[in-house]
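Visitor:
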Amino acid sequence: MKDSPFIYGTTVSEHSFTNRESETAKLQSNLLNGINTTIISPRRWGKSSLVEKVISEINKTDKNTKTVIIDLFSAGSEEEFLETFAREVIKSSSSKWEDWMSSGRDLFKKLIPKLSLGIDPNTDFSLSFDREELKKNSDEVLNLPETIAKSKGIKFIICLDEFQNLSSFNGYLIFEKKLRAYWQRHKLVTYCLYGSKRHMMTDIFNNPAKPFYRFGDIMLLQKIETKKWIPFICNGFANTGKQIDENIASLIPSLMKDHSWYVQQLAHYIWNLTKAKATIAEVNTALKELINANSPLYQKETESISHTQLNLLKAVVKGETQFTSTIVMQKHALGTPRNVSKNKSILINSDIIHEINNVYEFVDPAFELWFKKQYFNQNYTIV
Ligand SMILES: Nc1ncnc2c1ncn2[C@@H]1O[C@H](COP(=O)(O)OP(=O)(O)OP(=O)(O)O)[C@@H](O)[C@H]1O
Ligand SMILES: [Mg+2]
């Protein structure tokens with residue numbers, strides 16, 4: 017059997033990547049022209065995939081530009097970040113391990129890195145510093161890409177995923193100022209900063225009181241449109257010897273409200289169930305499977321929110337918009353106007369709901385279907 021043409025759970029950049037032509041062109045042009053760029057979107061719409069795609073294009077065409085992608089998901093401290101940053105920058109600056117070792121020795125004036133090669137010296141090496149010294153001389157690491165770029169006549173593009181994680185470090189406020197102060201002066205290095213906590217990212221980059229305000233271009237990544245998902249799904253089936261009609265295919269993005277991850281997940285489940293040609297019955301079974309697979313997560317999510325927040329979610333389902341009107345507050349037991357506004361910001365900040373043109377909706381379309389079934393016994397089966 018052929019592999020599924022639909023992929024979710026990891027980033028997609030080659031196979032299974034679709035659309036985003038204008039975003040790809042814009043990001044590529046920004047990064048090649050020295051325009052620092054921040055990408056913000058709700059979770060799992062495709063930020064990391066877009067960056068990987070653009071970086072792999074740049075790697076193919078632009079040999080003089082070295083690229084680095086660092087995921088800060090597990091970075092626990094400023095020092096750890098600095099070591100990772102230094103290692104990855106050195107690694108990407110050359111494909112020869114002899115160069116890595118000499119860069120490590122020659123590029124620092126005050127810091128003395130400890131270097132060692134990994135099990136496979138062609139792909140790995142490790143680098144560490146005395147932590148006290150590192151803290152005092154972090155400028156040497158933060159300026160490292162610019163220093164290497166100057167000495168080798170190259171350029172760097174540095175992409176930092178889950179950037180908002182830096183804000184959990186001790187002493188972040190001072191560190192943030194330092195980062196901005198050095199990076200802003202770099203002429204040969206371009207930064208692409210993105211992350212999945214939308215509200216933290218917005219606060220870092222869109223708050224005039226913060227150092228990263230106006231650091232560069234902010235791209236608010238949108239969803240891929242329904243009409244663009246349909247041919248992607250139909251071709252995915254056709255290329256693997258199966259079939260799906262356009263009208264059945266169109267149910268997938270419409271049920272999943274064009275949410276990238278879920279469109280791929282539902283398409284994969286349907287593809288998996290389909291022998292020759294997909295039918296409504298397969299869509300329904302797949303949808304049920306998808307919601308069942310995710311329901312422990314949704315269960316946990318609702319357990320972590322308060323009773324009045326839950327009521328507010330129910331009011332959202334019912335299409336209410338005037339949450340602080342007396343009738344709405346009473347009808348849904350939302351508490352006081354203060355409760356309402358506090359709960360609303362909690363739900364928005366934790367990316368459970370968002371506001372689009374004065375209407376509130378769930379950020380997660382499958383969670384919404386589960387929620388409607390759970391609390392209002394609304395069926396999601398298509399007839
Ligand atoms: N351009 C695309 N074409 C097709 N599918 C996509 C595309 N971008 C993303 N996806 C789907 O969405 C999923 C999530 O993508 P990705 O991890 O890039 O999103 P993200 O915005 O970085 O998520 P997070 O906010 O969790 O970091 C992928 O696993 C893939 O299934
Ligand atoms: Mg991501």
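According to the working numbering, the sequence shown is numbered sequentially starting from 17.
Note that the Cβ used here is the ideal one computed from N, Cα and C, for glycine as well.
Being a predicted model, the structure only gives us computed values, none of them experimental.
Relative to the alpha-carbon of Leu189, which residue among Ile220, Lys168, His202 has its alpha-carbon at the smallest distance?
Guide: The residue with the shortest Cα to Cα distance from Leu189 is Ile220.
Visitor: Could you tell me whether the Cβ atoms of His202 and Pro161 are closer together than 8 Å?
Guide: It is a contact, given that the beta carbons lie within the stated cut-off.
Visitor: Are the segment 140-160 and the segment 78-85 touching, with three or more C-beta to C-beta distances below 8 Å?
Guide: The answer is no - the segment 78-85 does not touch the segment 140-160, with fewer than three Cβ pairs under 8 Å.
Visitor: By DSSP, does Val28 sit in helix, in strand, or in coil?
Guide: The answer is coil: DSSP assigns Val28 none of H, G, I, E or B.
Visitor: Which one of Asn308, Gly335, Thr163 has the shortest CA to CA distance from Gln390?
Guide: Minimum Cα distance to Gln390 is reached at Asn308.
Visitor: Got a sec? Which residues, its chain only, sit under 7 Å from Thr242 by beta carbon, not counting five neighbours each side?
Guide: Ser266, Pro269, Ser270, Asp274.
Visitor: With a cut-off of 8 Å on the beta carbons, I'd call Tyr210 and Ile55 a contact; round off their distance for me.
Guide: With a Cβ gap of about 4 Å, Tyr210 and Ile55 count as contacting.
Visitor: Whole angstroms is fine: what's the gap from Thr40's alpha carbon to Thr342's?
Guide: If I take the Cα positions, the gap works out to 47 Å.
Visitor: Please report how far the alpha carbon of Ser108 lies from the alpha carbon of Gln238, in whole angstroms.
Guide: One C-alpha to the other measures close to 31 Å.
Visitor: Mapping DSSP to helix, strand and coil, what is Phe191?
Guide: Three-state DSSP puts Phe191 in a helix.
Visitor: Out of Gln394, Val70, Ile106, state which residue places its alpha-carbon closest to the alpha-carbon of Ala165.
Guide: Among Gln394, Val70, Ile106, the Cα nearest to that of Ala165 is on Ile106.
Visitor: If you measure from the CB of Trp277, is any heavy atom of ligand 1 nearer than 7 Å?
Guide: At least one heavy atom of ligand 1 is nearer than 7 Å to the Cβ of Trp277, so yes.
Visitor: With a Cβ-Cβ cutoff of 8 Å, do Leu182 and Leu88 count as a contact?
Guide: Cβ distance < 8 Å, so Leu182 and Leu88 count as in contact.
Visitor: Who are the near neighbours of Asn355 in its chain, counting only those whose CB is closer than 8 Å to its CB and skipping five residues on each side?
Guide: Result list for Asn355: Thr324, in chain order.
Visitor: State the DSSP-derived secondary structure class of Ile164, mapped to helix, strand or coil.
Guide: DSSP places Ile164 in helix when its eight states are reduced to three.
Visitor: Out of Lys112, Leu143, Thr139, Phe97, point me to the one whose CA is closest to Leu158's CA.
Guide: Taking only the C-alpha atoms, the option nearest Leu158 is Phe97.
Visitor: Could you check if Asp380 belongs to the surroundings of ligand 2, using beta carbon to heavy atom distance under 7 Å?
Guide: No, the Cβ of Asp380 stays beyond 7 Å of every heavy atom of ligand 2.
Visitor: Please confirm whether any heavy atom of ligand 2 lies closer than 7 Å to the CB of Asp367.
Guide: No - ligand 2 has no heavy atom lying nearer than 7 Å to the Cβ of Asp367.
Visitor: Below 8 Å on the Cβ atoms is my guess for Ser311 versus Trp245; work out the distance and round it to an integer in Å.
Guide: The Cβ separation is near 24 Å, so there is no contact.
Visitor: State the start and end residues of the unbroken beta strand (DSSP E) segment that holds Asp177.
Guide: 171-177 is the extent of the beta strand (DSSP E) around Asp177.
Visitor: Taking only three categories from DSSP, how would you classify Met345?
Guide: Looking at Met345 - three-state DSSP - the assignment turns out to be helix.
Visitor: Return yes when the C-beta of Trp61 is under 7 Å from any heavy atom of ligand 1, and no when it is not.
Guide: Checking every heavy atom of ligand 1 against the Cβ of Trp61, one is found closer than 7 Å.
Visitor: Using 8 Å as the threshold, is the C-beta distance between Trp277 and Gly252 below it?
Guide: The answer is no: Cβ separation not under 8 Å.
Visitor: State whether the segment 70-79 contacts the segment 124-144, with contact taken as three or more CB pairs (one from each stretch) at a distance under 8 Å.
Guide: The segment 70-79, when compared against the segment 124-144, does not touch it at the 8 Å Cβ threshold.
Visitor: Whose CA, out of Ile321, Ile368, Glu298, Tyr376, lies closest to the CA of Ser334?
Guide: First, the amino acid is wrong: residue 334 is Lys here, not Ser. Of the listed residues, the one whose Cα sits closest to Lys334 is Tyr376.
Visitor: By how many angstroms is the C-alpha of Gly257 removed from the C-alpha of Gln180?
Guide: Using only the alpha carbons, I get a separation of about 43 Å.
Visitor: Excluding the 5 residues preceding and the 5 following Thr290 in the sequence, name in chain order all residues of the same chain whose CB lies nearer than 6 Å to its CB.
Guide: The residues are Lys258, Glu298.
Visitor: Can you confirm whether the segment 113-120 touches the segment 137-148 when touching is taken to mean that 3 or more C-beta pairs between the two stretches lie within less than 8 Å?
Guide: Cβ pair count under 8 Å is three or more, so yes.
Visitor: Between which two residues does the beta strand (DSSP E) carrying Glu114 extend?
Guide: Premise fails: Glu114 lies in the alpha helix (DSSP H), 113-122, not in any beta strand (DSSP E).
Visitor: What residues in its chain sit with their C-beta under 7 Å from that of Gln281, if we drop five residues either side in the sequence?
Guide: Closer than 7 Å at Cβ, skipping near neighbours: Tyr24, Leu306.
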